[in-house]
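Trainee: Would you mind keeping the following structure in view while I ask a few things?
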Amino acid sequence: MPEERVRQARVSDYEDVVSFTEQTWPELEFDDYLPDVFHEWVAGDGPGQRTLVAEVDGTVIGVCQCVVLGDQEAWAQGLRVDPAYRGGALSTRLIDACATWAGAAGATVMRSMVLGWNRAGIGASRAAQFEPVTQFRWVQPDPAPGHRLGDDHEVTTDPRAGWAFWQESDAESHLSGLGLDMDETWAISAVTRGRFERAADEETQITITRGDTVCATTYRVRCVEQSEGSKTVSSAEYGASAWSDLRGARALFGAIRNDAATLGADRTRVLVPETARFVSDSIVAASDVSDQPDLVFERDLSGISTRR
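Here is the structure:
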């Protein structure tokens, strides 16, 4: 019988990880990012992060990372299994090990995101006791300075007004109160008033008013750079957006275009709920919307968390 085990990742696992992530999505035109970040992941492991691998007879055939996000939340990402071993229990064993580690670190919930077209990833998530929570799309309005919002719309950076509007919005309800995390790229976590305040201090918080009434809001989490071939491109990312009507959506995306332009960003990514109204408003107001939604799952860790 082959010897299987899950353990913490080591730098020496790199070549094995590269060998099976080269064929993660052979039918697609983009490469897996895991080889580019694996050394960084291993070097960053500590009290708030753990990178795990699964091995069979000494050869690494799976990888996953878990990160603690603030208070009582954890994020699982980068789950990969060698194609020759898919369909078995190794992905579940990796997730179970992440859950055990996250629970010991005090997390009471662990979430993950799966791209909507990734059927294998969705199946692996459900097999590992993840339950579906919400889904969203990315809107990508091009940065453009001097965009007019309309004579009756104004931009403020008042996090209190933005937070109050967010709490009562359909977007907050559909997204189960979740949005992009400010510390961990790609991670989804609970949106709080403190996040709106932090965004206003460190990045920006955009609130659109029409007269005396708030009609839209969002918060920027970061502007990141990444290499694409021989060039470097920057993307301004906005953690979750809400608006009351199409006019509010037009004004909000106009403000996002202006904001991203002031940063010198090449593009934007704006998280919006996957509903008929929000997606269709986004298409009309911003045009460039991702073809499929991304799905968010969560697993209850309260039974194994050490937090009291």
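Each residue of the sequence shown is one higher than the one before, counting from 68 in the numbering used here.
Glycine is no exception: its CB is placed at the ideal position from the N, C-alpha and C atoms.
Report the CB separation of residue 76 from residue 109 in whole angstroms; it is logged as a contact under 8 Å.
Mentor: Numbered from its first residue, the sequence shown carries residue 76 at position 9. Numbered from its first residue, the sequence shown carries residue 109 at position 42. With a Cβ gap of about 5 Å, residue 76 and residue 109 count as contacting.
Trainee: Return the chain-ordered list of same chain residues with a C-beta closer than 7 Å to the C-beta of residue 149, the five sequence neighbours on each side being excluded.
Mentor: In the sequence shown, residue 149 corresponds to position 82, counting from 1. Only 87, 128 and 129 meet the Cβ criterion.
Trainee: Using only the alpha-carbon positions, how far apart do residue 195 and residue 140 sit?
Mentor: Taking the first residue of the sequence shown as position 1, residue 195 is located at position 128. Taking the first residue of the sequence shown as position 1, residue 140 is located at position 73. Distance between the alpha carbons of residue 195 and residue 140: 17 Å.
Trainee: What three-state label does DSSP hand residue 77 in the structure shown?
Mentor: Within the sequence shown, the letter at position 10 stands for residue 77. It is coil, neither helix nor strand.
Trainee: In this structure, how does DSSP classify residue 175 when only helix, strand and coil are distinguished?
Mentor: The count along the sequence shown starts at 1 and reaches residue 175 at position 108. Three-state DSSP puts residue 175 in coil, outside helix and strand.
Trainee: By DSSP, does residue 96 sit in helix, in strand, or in coil?
Mentor: Working through the sequence shown from its first residue, we reach residue 96 at position 29. Only weak support is given to the placement of residue 96: the predicted model assigns it a pLDDT of 46, under 50, and the value that follows is read from those uncertain coordinates. If DSSP states are grouped into helix, strand and coil, residue 96 belongs with coil.
Trainee: The alpha helix (DSSP H) spanning residue 233 covers which residue range?
Mentor: Within the sequence shown, residue 233 is the residue found at index 166, counting from 1. 226 to 234 is the span of the alpha helix (DSSP H), which, as asked, contains residue 233.
Trainee: Note down, in chain order, each residue of its chain lying with its Cβ closer than 6 Å to the Cβ of residue 96, except the 5 sequence neighbours on either side.
Mentor: Taking the first residue of the sequence shown as position 1, residue 96 is located at position 29. Note on residue 96: pLDDT 46, under 50, position unreliable in the model; the coordinate value appears next. The answer is none, since no qualifying residue turns up.
Trainee: Determine whether the beta carbon atoms of residue 424 and residue 182 lie at a separation below 8 Å.
Mentor: What is shown of the chain runs 68 to 375, which leaves residue 424 out entirely.
Trainee: Does the count of Cβ pairs from the segment 220 to 230 and the segment 169 to 189 closer than 8 Å reach three?
Mentor: These segments do not touch.
Trainee: Any contact between the segment 314 to 330 and the segment 193 to 212? By contact I mean 3 or more CB pairs, one from each, below 8 Å.
Mentor: Judged by Cβ distances under 8 Å, the segment 314 to 330 makes contact with the segment 193 to 212, as three or more pairs qualify.
Trainee: Please list, in chain order, all residues of the same chain as residue 289 whose beta carbon is under 6 Å from its beta carbon, the five residues on each side excluded.
Mentor: Within the sequence shown, numbered from 1, the residue matching residue 289 stands at position 222. 304.
Trainee: Quick one: any contact between the segment 326 to 339 and the segment 278 to 297, if contact means 3 or more CB pairs under 8 Å?
Mentor: Yes, the segment 326 to 339 touches the segment 278 to 297.
Trainee: Pull the bridge partners of residue 246 from the DSSP assignment, please.
Mentor: Looking up residue 246 in the sequence shown gives position 179. Residue 246 is bridged to 256.
Trainee: Helix, strand or coil: which one does DSSP assign to residue 221?
Mentor: To locate residue 221, count along the sequence shown from 1; it is residue 154. Strand, per DSSP.
Trainee: Compare the Cα-Cα distances from residue 237 to each of 193, 201 and 253 and report the closest residue.
Mentor: Residue mapping note: residue 237 aligns to position 170 of the sequence shown, counting from 1. Looking at the Cα atoms, 201 is the closest of the given residues.
Trainee: Identify the continuous beta strand (DSSP E) that holds residue 340 and give its terminal residues.
Mentor: Start at 1 with the first residue of the sequence shown, and residue 340 comes out as number 273. Looking at the DSSP string, the run of the beta strand (DSSP E) that includes residue 340 is 334 to 340.
Trainee: Count the CB pairs spanning the segment 335 to 346 and the segment 294 to 311 that are closer than 8 Å, and state whether there are at least three.
Mentor: Touching, per the Cβ criterion.
Trainee: I believe residue 69 touches residue 120 by the beta-carbon criterion, under 8 Å. Please report the beta-carbon distance rounded to the nearest angstrom.
Mentor: By one-based count along the sequence shown, residue 69 stands at place 2. By one-based count along the sequence shown, residue 120 stands at place 53. Not quite, the Cβ-Cβ distance comes to about 15 Å (not below 8 Å), so this is no contact.
Trainee: From what residue to what residue does the alpha helix (DSSP H) around residue 239 run?
Mentor: For the purposes of this step, residue 239 is identified with residue 172 of the sequence shown, where counting begins at 1. Element bounds for residue 239: 237 to 241.
Trainee: Which same chain residues, not among the five before or five after residue 348, have their C-beta less than 6 Å away from its C-beta?
Mentor: Position 281 of the sequence shown, counting from 1, holds the residue named residue 348. Only 313 and 316 meet the Cβ criterion.
Trainee: With H, G and I counted as helix, E and B as strand and the rest as coil, what does DSSP make of residue 375?
Mentor: One-based indexing of the sequence shown puts residue 375 at position 308. Bear in mind that a pLDDT of 43 at residue 375, under 50, signals an unreliable position, so the number given afterwards is only what the model happens to contain. Three-state DSSP puts residue 375 in coil, outside helix and strand.
Trainee: Spatial neighbours of residue 380 within its chain, please: CB distance less than 7 Å, with the 5 preceding and 5 following residues excluded, ordered by chain position.
Mentor: Outside the displayed span of the chain (68 to 375) sits residue 380, for which this structure offers no information.
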